[in-house]
Amino acid sequence: MQLSVFDHAIQLIRDSRHMIAVTGAGISVDSGIPAFRGDTGLWNTYDPSVYASIEGFRENPRRSWEFFLELYDQLIDARPNAAHTILAEWEQKGLLQGIITQNIDDLHQQAGSHHVIEVHGSLRNLICTTCGQIIHSRGMIFDSVDLPPMCRCGGILKPEAVLFGESIPSTWYFACLEAIRKADTILFIGTSGIVHPVNEFPEIALRHGCRLIEINPDATVLTRLYDMIHLQGFANDVLTRLAEAFNEQ
Ligand code: NAD
Ligand code: ZN
């Protein structure tokens, strides 16, 4: 009997010994945070090369902070959705060994996941561009009159997130490579797969025989280029279906 795509994915997950998830903006869409690309994305309003690049930030930090404030505003009411919660439960049950996320929204941690590599950093912390001090952003009230926020040393603060033109800190990058090398199954959830370094991961993973499963309502570059199972749908719907299938067994 031929297995459906869904049953095939279930079988791979059941057979996996070291499964990880690579998540992108799509997993947080149902938490009310739109992806940057697409009709409702912030790139329609803010040119990323101006507002979200390190050159743009150095040239005019106040202008970039107007964009960052929009992001902080989006996060205030955002809560983890079923997809974040299921991944956290799978970690607890030993079914999932960790998550590499491109998201900067902290929702995996809020859902209870512990092994999370934030490859593009997060908005949780601010870093001083002069002395390097890291400051927790929780409870900080950003006053749009007083932008950009300043460190005690007089330096300008920036979210500890990777801007365009900035390199990913090597410790974060190498942590990703190690996680990919150890994995025998990877779930790519809600990512277009075009942003560095996630665009490198499938090739690295396939070299050691890792199985790839994608969860996304649309076909992506990953679907087109690589041998992977595509589960078409929204992250919370597909993960809920998968979790139910496991609970029934
Ligand atoms: P992307 O915007 O390039 O792609 C998002 C993907 O999610 C698309 O392929 C889309 O089809 C899919 N998608 C949309 N709704 C979905 C849903 N409900 N369930 C599953 N998939 C869905 O995002 P990316 O690949 O993560 O890369 C963009 C960059 O933007 C990353 O660096 C990321 O850090 C950043 N970003 C982060 C957030 C966040 O932290 N929540 C939000 C926007 C952008
Ligand atoms: Zn400082």
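Letter by letter, the sequence shown follows residues 948 to 1196 of my numbering.
Glycine is no exception: its CB is placed at the ideal position from the N, C-alpha and C atoms.
Environment of glutamine 1049 [buried if 16+ CB atoms lie within 10 Å]: Start at 1 with the first residue of the sequence shown, and residue 1049 comes out as number 102. Classification for glutamine 1049: buried.
C-alpha distance - arginine 1010 paired with isoleucine 1047, whole-angstrom precision: As a first step, residue 1010 must be located in the sequence shown, where it is residue number 63. As a first step, residue 1047 must be located in the sequence shown, where it is residue number 100. Cα to Cα, the separation comes out at about 30 Å.
Of the residues Ala1152, Ala1130 and Phe1193, the one placed nearest serine 963, counting alpha carbons only: Position 16 of the sequence shown, counted from the start, is the residue given in the question as residue 963. Looking at the Cα atoms, Ala1130 is the closest of the given residues.
Check: arginine 1099 C-beta below 8 Å from any heavy atom of ligand 2: On the sequence shown, position 152 is the one that residue 1099 refers to. Yes, the Cβ of arginine 1099 comes within 8 Å of a heavy atom of ligand 2.
3-residue-minimum beta strand (DSSP E) runs that sit fully inside the segment 1116-1158, ordered along the chain: 1132-1136
Contact test: asparagine 1183 Cβ vs ligand 1 heavy atom, cutoff 8 Å: Within the sequence shown, numbered from 1, the residue matching residue 1183 stands at position 236. Yes.
Residues near asparagine 1028 by beta carbon distance below 6 Å, same chain, minus five either side: Position 81 of the sequence shown, counted from the first residue, corresponds to residue 1028. Contacts found: Asp977, Ser978 and Asn1183.
For alanine 1030, the first and last residue of its enclosing alpha helix (DSSP H): For the purposes of this step, residue 1030 is identified with residue 83 of the sequence shown, where counting begins at 1. Looking at the DSSP string, the run of the alpha helix (DSSP H) that includes alanine 1030 is 1029-1040.
Inter-residue Cα distance where the pair is valine 952 and valine 1168: Locating residue 952 in the sequence shown gives position 5, where the first residue counts as 1. Locating residue 1168 in the sequence shown gives position 221, where the first residue counts as 1. For valine 952 and valine 1168, the distance between alpha carbons rounds to 19 Å.
For glutamine 1235, the residue or residues it bridges with in DSSP: The structure shown does not extend to residue 1235, since the chain spans only 948 to 1196, so no value can be given for it.
Simplified DSSP state of alanine 956, which is helix, strand or coil: As a first step, residue 956 is located in the sequence shown; it is residue number 9 there, counting from the start. Helix at alanine 956.
Opening and closing residue of the beta strand (DSSP E) in which arginine 1071 lies: Within the sequence shown, residue 1071 is the residue found at index 124, counting from 1. Looking at the DSSP string, the run of the beta strand (DSSP E) that includes arginine 1071 is 1068-1075.
From Gly1102, Glu1065, Ile1133 and Ile1141, residue whose alpha carbon lies closest to that of alanine 1152: Within the sequence shown, the letter at position 205 stands for residue 1152. Looking at the Cα atoms, Ile1133 is the closest of the given residues.
Unbroken beta strand (DSSP E) run spanning proline 1106, endpoints: Position 159 of the sequence shown holds residue 1106. Run containing proline 1106: 1104-1108, per the beta strand (DSSP E) assignment.
Extent of the continuous beta strand (DSSP E) run through isoleucine 1064: One-based indexing of the sequence shown puts residue 1064 at position 117. Isoleucine 1064 -> beta strand (DSSP E) spans 1063-1065.
Counterpart residues of methionine 966 in DSSP-defined beta bridges: Within the sequence shown, numbered from 1, the residue matching residue 966 stands at position 19. DSSP lists Thr1132 as partners of methionine 966.
Phenylalanine 1014 - DSSP class collapsed to helix/strand/coil: Start at 1 with the first residue of the sequence shown, and residue 1014 comes out as number 67. Helix at phenylalanine 1014.
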